[in-house]
Structure formats: C-alpha cells, structure tokens
Amino acid sequence: MFDALTNRLNNVFRGLRGRGRITEENVGEVMREIRTALLEADVNLEVARQFCDEVHKKAIGAEVIKTLKPAEVMVKIVHDELVRLMGPVDPKIPFVSPGPTILMMAGLQGSGKTTTCAKMAKMLLERAKRPLMVAADLKRPAAIDQLEVLGQQIGCPVYTERGHHNVVKVCRNGITHARKNDRDVVILDTAGRLAVDEEMMDEVAKVATTTSPHQIYLVLDAMTGQDAVNTARAFNERLELDGCILTKFDSDTRGGAALSVKRVTDKPIKFIGVGEKMEALEEFHPDRIAGRILGMGDILTLVEQAQRHVDQEDAQKLEAKMAKGKFTLDDLVEQFRKIRKMGSMKDLVKKIPGMGDAMGDMDIDEGELIRMEAAVQSMTPRERANPKIIDVSRRRRIARGAGCDPSDVSQLVKQFEPMRNMMKAMAGQSLMQRMKLGTQFSKMMAGGGMPKFKGKSTATKRVLSKKDRRKKRRR
Numbered sequence: 050m051f052d053a054l055t056n057r058l059n060n061v062f063r064g065l066r067g068r069g070r071i072t073e074e075n076v077g078e079v080m081r082e083i084r085t086a087l088l089e090a091d092v093n094l095e096v097a098r099q100f101c102d103e104v105h106k107k108a109i110g111a112e113v114i115k116t117l118k119p120a121e122v123m124v125k126i127v128h129d130e131l132v133r134l135m136g137p138v139d140p141k142i143p144f145v146s147p148g149p150t151i152l153m154m155a156g157l158q159g160s161g162k163t164t165t166c167a168k169m170a171k172m173l174l175e176r177a178k179r180p181l182m183v184a185a186d187l188k189r190p191a192a193i194d195q196l197e198v199l200g201q202q203i204g205c206p207v208y209t210e211r212g213h214h215n216v217v218k219v220c221r222n223g224i225t226h227a228r229k230n231d232r233d234v235v236i237l238d239t240a241g242r243l244a245v246d247e248e249m250m251d252e253v254a255k256v257a258t259t260t261s262p263h264q265i266y267l268v269l270d271a272m273t274g275q276d277a278v279n280t281a282r283a284f285n286e287r288l289e290l291d292g293c294i295l296t297k298f299d300s301d302t303r304g305g306a307a308l309s310v311k312r313v314t315d316k317p318i319k320f321i322g323v324g325e326k327m328e329a330l331e332e333f334h335p336d337r338i339a340g341r342i343l344g345m346g347d348i349l350t351l352v353e354q355a356q357r358h359v360d361q362e363d364a365q366k367l368e369a370k371m372a373k374g375k376f377t378l379d380d381l382v383e384q385f386r387k388i389r390k391m392g393s394m395k396d397l398v399k400k401i402p403g404m405g406d407a408m409g410d411m412d413i414d415e416g417e418l419i420r421m422e423a424a425v426q427s428m429t430p431r432e433r434a435n436p437k438i439i440d441v442s443r444r445r446r447i448a449r450g451a452g453c454d455p456s457d458v459s460q461l462v463k464q465f466e467p468m469r470n471m472m473k474a475m476a477g478q479s480l481m482q483r484m485k486l487g488t489q490f491s492k493m494m495a496g497g498g499m500p501k502f503k504g505k506s507t508a509t510k511r512v513l514s515k516k517d518r519r520k521k522r523r524r
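Position in the sequence shown counted from 1, then plus 49, gives you my numbering.
Printed below as a string of structure tokens:
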C-alpha cells in the first residue's frame with residue numbers, strides 16, 4: 050500500500066546520507082519534500098501540515114544540524130512521529146464474562162463488511178473462541194446468503210431470520226440464540242448504504258442502543274482514500290466507535306486513509322484486511338506499520354503469520370531433514386505452498402528488514418512458483434527424491450506433463466542443488482542468521498535464479514518409437 054510513499058521517503062533520506070553536517074535550511078527542504086510525499090499519498094492536508102510541523106520542531110530540537118549522521122536521526126524522528134500519528138492502539142478485544150461479547154460491524158456497502166465479519170470469526174476460532182455471526186443486513190440482496198456461505202467455509206454458525214425487516218429484533222434474537230447455544234462472541238453484520246444517509250444512521254444507532262455492543266467497529270475501504278476519512282467522521286458523530294477496520298490494505302492505493310483516520314476522528318485503526326483469504330486479517334500495530342513505511346520491514350508480523358500457518362511438529366521434522374541434507378523437491382513444493390497461504394511472496398519479502406531496498410524494482414512472479422510445482426508433480430517419486438537421475442528423455446516426459454519446455458526442467462534441476470545447500474546451511478542457525486540467508490535466497494529467486502517457465506507446451510509433439518526413428522534415418 051505504501052510503496053510510493055516509501056520510495057519517496059527513502060529518496061529523501063538517501064540524499065541526507067550523502068552529506069555530513071546539514072543546515073537548518075536543509076532541514077526545511079527535507080520537510081517540504083516529506084510534506085509533498087504525504088500529500089501525494091492522499092494524506093489529509095491538515096494532518097500532513099501538523100505532522101511536518103511536529104517533525105520539524107523535533108528535528109531542530111534534537112540538533113540534527115549538528116550531528117554527523119543527520120539521516121539516521123531524521124529517520125528516528127519521522128518513525129516516532131508516524132507511530133504517534135497512528136496510535137496509540139490496543140487491538141485486543143475486551144472479552145466479557147459471562148458472555149457473549151458483542152461485536153458490531155458498521156460501514157458503507159462495498160467496504161468489505163460481511164467478509165470482515167467472517168475474517169473476524171475465523172480469527173476468533175483460531176483463538177479457541179465460539180463465535181456466532183448474525184446476518185443483520187436485511188437491505189442488500191443476497192447478504193444473508195453471502196454470510197452463510199462464508200460461515201460454512203470457516204466452520205462458524207450463522208443466525209438468520211429470512212423475511213424479517215426489523216433489524217433490531219433480529220439482532221436481539223441472535224444474541225439470545227447465542228446465549229442458549231453457549232456461543233461466547235456475537236458478531237453483528239449490519240446493513241450499509243452506497244453513501245451516508247439518515248435512514249442508515251438511525252438504523253445502526255438503534256441497533257447499538259438496543260444491543261449495547263462491547264465493541265463497535267467501522268469498516269472502511271482503504272481504496273477510497275479521503276472518502277474513507279469523511280465516512281469515519283460522519284459515523285463517529287452518531288456512534289460511539291471503538292475503532293476502525295481498514296480493508297484492502299494490500300491494494301495499490303496510496304495509503305492516506307491509514308495515516309489520517311486517527312488524527313481526524315480520534316478513533317484508532319484496530320485491524321487491517323490484507324487479502325481475500327479468510328486468514329487475511331491482522332491486528333494493527335502503528336510501530337510495525339511505521340517500520341514498513343520507512344522500509345525497515347515488519348519481522349514481528351512475519352513471525353506471527355508463520356506461527357499461524359506452520360505446524361510445529363512438521364517444522365521440526367523439516368529441520369531434521371534440512372540438517373542432514375535430505376531436503377527434496379517434494380519438501381520444496383510443500384514449503385512454497387505454505388508460503389503462498391501466508392500471502393503474496395512480494396509482500397512477505399518486504400517484511401524482512403532490509404529487503405525493501407534490496408529487492409528494488411525486481412518482481413517475483415507468483416505464477417512461476419505454480420508452474421514449477423506442476424513440473425515437480427510431473428516427476429516420479431524417485432525423480433523427486435533424486436533429481437540427478439533426470440536425463441534427456443525424462444526431461445521431455447516431465448515437460449509434456451507440466452506443459453512447459455524441457456529447458457525449464459533442466460534449469461529447475463540445476464538450481465535445486467544450491468537451494469538444498471542453502472536450506473542445509475539454515476538448519477540450526479539463529480533467526481537473524483536465517484534472515485540473512487533468506488535474503489540471499491529471495492535475491493536469487495527475484496534475480497533470475499529460479500527457472501523462468503515459458504509455458505510452452507510440448508504435449509502436441511509426437512514421440513517417435515525406435516522403429517520409426519530407424520525408418521527416419523534410412524530416409
């Protein structure tokens with residue numbers, strides 16, 4: 050989301066690193082560039098002005114102009130001010146006992162409210178809670194059907210009353226149903242509109258007054274920019290919001306909403322939607338987001354994602370295989386599958402400290418990994434265990450099965466040995482040492498170390514028998 054802003058700020062700080070001492074006039078120039086970068090990122094004008102004033106004041110107070118490392122001091126000041134701009138935030142849900150804890154979702158149509166309800170339920174299920182989703186969006190066609198389908202996907206029950214038009218009654222009945230069925234969390238999916246109007250505001254206000262939810266979350270679409278901030282301001286005037294959930298955080302939008310909402314409404318962002326998968330909901334931590342914006346990575350979120358998707362017992366077995374150098378193509382494919390579950394490879398690599406600059410404009414084609422997996426699946430178990438036995442005829446057969454060129458298979462086999470050696474080197478290393486090796490591995494993948502599958506199918510080519518080849522030679 051913050052790619053453009055990150056690049057602009059990195060250019061500003063890179064210019065400072067090339068200097069020794071700087072003057073107060075230089076600080077003013079830097080602040081003008083930072084203000085321009087924020088405005089181009091669609092940050093609220095008043096928020097950008099206040100932010101730059103605070104940074105400028107602290108930069109002069111910290112005597113940046115007297116230090117021999119002005120860039121490092123400026124980065125620290127900007128980081129701390131970004132954290133203050135977006136925080137403080139406590140994303141933890143205050144569960145009550147006896148339950149149920151009631152969570153109410155509000156927002157406009159198209160903001161991702163219903164999907165966010167399911168993501169929240171999925172997160173609660175992973176934390177050993179027993180959520181119930183209540184389909185209280187009686188305005189939008191198929192809203193109830195959508196919530197039921199999502200509930201089936203994640204294994205969470207959904208309370209519905211088809212044919213009813215009294216939203217308050219449906220919510221009350223849903224909470225009663227939760228108490229009777231020992232559900233400890235209720236998630237209310239309320240109706241939205243295409244724009245803020247009095248009828249919608251009256252409806253959500255009645256639901257809030259009647260059900261007394263313990264947390265009211267406003268779901269905002271990050272791609273709407275300053276419209277999201279205006280929506281938050283309007284809802285905040287009618288509801289006692291506890292926080293916001295910013296969806297589509299993984300999009301290519303400029304990110305101004307994330308930096309403006311807290312200062313404009315005094316309500317923090319508590320969660321962010323980072324993908325379409327049901328697991329793609331993260332707690333919002335201002336210090337981690339500030340680190341991402343400044344290209345410092347976000348190793349804590351990366352570790353949390355890994356813990357959610359990697360089984361500890363499987364990880365220990367893999368560790369033992371890596372240490373013995375018995376890492377196979379099957380293991381490689383399995384690891385790439387787990388990585389894809391965590392999110393896009395590009396986003397994951399950016400969370401590794403230092404990798405934002407190291408990657409530069411290099412891109413990792415997710416399709417390459419899928420095509421590589423197809424090639425591995427076209428091999429026999431013996432070939433996957435020992436790629437060295439793959440000769441010319443075997444390469445042709447594998448290429449036909451995977452719909453690629455034999456040269457792609459050759460390159461895959463050739464590159465696997467360095468990969469296996471790197472995996473062996475990672476075994477038993479500390480986290481920081483693994484990160485360094487992982488950085489080398491990521492550069493190898495992005496820089497052309499992985500086979501570039503052309504997708505050229507050889508399936509239509511006829512393979513001549515020995516008899517036909519003899520006839521052809523006689524001719």
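Backbone N, C-alpha and C define an ideal beta-carbon position, used for all residues, glycine too.
Which ranges would you report for the alpha helix (DSSP H) in the segment 257-325 if only whole runs of at least 4 residues count?
275-287 and 305-314
Assuming M327 and L237 are in contact, meaning their beta carbons sit under 8 Å apart, how far apart are those beta carbons, in whole angstroms?
Contact doesn't hold; Cβ gap of about 19 Å is too wide.
State the start and end residues of the unbroken alpha helix (DSSP H) segment that holds L196.
A192 to I203
Consult DSSP for M428 and reduce its assignment to one of helix, strand or coil.
coil
On the three-state DSSP scale, how would you describe M481?
Unreliable placement is indicated for M481, whose pLDDT of 48 sits below 50; the coordinate value is still reported in the next sentence. Of the three classes helix, strand and coil, the one that applies to M481 here is helix, per DSSP.
I'd like the span of the alpha helix (DSSP H) that includes G450, first residue to last.
V441 to A451
Pick from P436, I318 and T150: whose alpha carbon is nearest that of H263?
Residue T150 is the option with its Cα nearest to H263.
Tell me the residue span of the beta strand (DSSP E) that contains T55.
From DSSP, T55 is part of no beta strand (DSSP E) but of the alpha helix (DSSP H) over D52 to R66.
Cα separation between R444 and E325?
37 Å
Just tell me which of A167, T377, G159 and L181 has its CA closest to the CA of M272.
G159
Does the separation of the CB atoms of V268 and S309 fall below 8 Å?
no
My output table needs one value for L174: the three-state DSSP class, helix, strand or coil.
helix
Locate the alpha helix (DSSP H) running through T85, then write down its first and last residues.
E73 to E89
Can you tell which of P455, G223 and V61 has its C-alpha closest to the C-alpha of R80?
Sequence check: residue 80 is Met here, not Arg. Answer by Cα proximity: V61.
If I'm right that L295 touches V234 with Cβ under 8 Å, what's the distance once you round it to whole angstroms?
Between V234 and L295 the Cβ distance is about 21 Å, and since that is not below 8 Å, they are no contact.
Taking Cβ positions, are E89 and A53 nearer each other than 8 Å?
A contact, by the Cβ cut-off of 8 Å.
Using only CA atoms, which one of I321, E466 and C101 lies nearest to T165?
Residue I321 is the option with its Cα nearest to T165.
Give the straight-line distance between the Cα atoms of I203 and N75, rounded to the nearest whole angstrom.
55 Å
Going by Cα to Cα distance, which pick from H128, L58, G200 and V124 is closest to R337?
H128
Within 10 Å of its beta-carbon, does R232 have 16 or more other beta-carbons around it, so buried, or fewer, so exposed?
With 16 or more other Cβ atoms within 10 Å, it is buried.
Using 10 angstroms around the beta-carbon of E252, count the other beta-carbons present and answer buried if the total reaches 16, otherwise exposed.
buried
Would K515 be called buried (16 or more neighbouring beta carbons within 10 Å of its own) or exposed?
Exposed is the label assigned to K515, since fewer than 16 other Cβ atoms lie within 10 Å of its Cβ.
How far does the beta strand (DSSP E) with V331 in it extend, from its first residue to its last?
Sequence inspection shows Glu at residue 331; the Val mentioned does not correspond to that position. Counting along the chain, the beta strand (DSSP E) containing E331 begins and ends at L330 to E332.
Please work out which residues of its chain come closer than 6 Å, Cβ to Cβ, to A283, disregarding the five sequence neighbours upstream and downstream, and give them in chain order.
V245
For G496, which of helix, strand or coil comes out of DSSP?
Summary for G496: the model assigns pLDDT 48, below 50, so the residue's position carries little reliability, and this model does not support an answer.
Can you list, in chain order, the residues of its chain with a C-beta nearer than 7 Å to that of A257? Leave out the 5 residues immediately preceding and following it.
M153, I265 and L288
Using only CA atoms, which one of E210, V92, T72 and E73 lies nearest to R312?
V92
Run through DSSP, which three-state label would I224 get?
If DSSP states are grouped into helix, strand and coil, I224 belongs with the helices.
Could you tell me if V198 is buried or exposed, where buried requires 16 or more neighbouring beta carbons within 10 angstroms of its beta carbon?
exposed
Count the other C-beta atoms from every protein chain shown that fall within 10 angstroms of the C-beta of R211, then say buried if there are 16 or more, exposed otherwise.
Looking at its Cβ environment, which holds fewer than 16 other Cβ atoms inside 10 Å, R211 is exposed.
Starting from L152, follow its DSSP beta bridges and name the residues at the other end.
I236 and Q264
Does DSSP put L157 in a helix, a strand or coil?
coil
To the nearest angstrom, how far is the alpha carbon of V207 from that of V219?
12 Å
Could you spell out where the beta strand (DSSP E) holding L181 opens and where it closes?
P180 to A185
Determine the direct distance from the alpha carbon of I83 to that of R98, and round the result to whole angstroms.
10 Å
I'd like to confirm something about M249: is its beta-carbon nearer than 7 Å to some heavy atom of the ligand COA, or not?
Among the components of this structure there are no ligands whatsoever, and the ligand COA is therefore not found.
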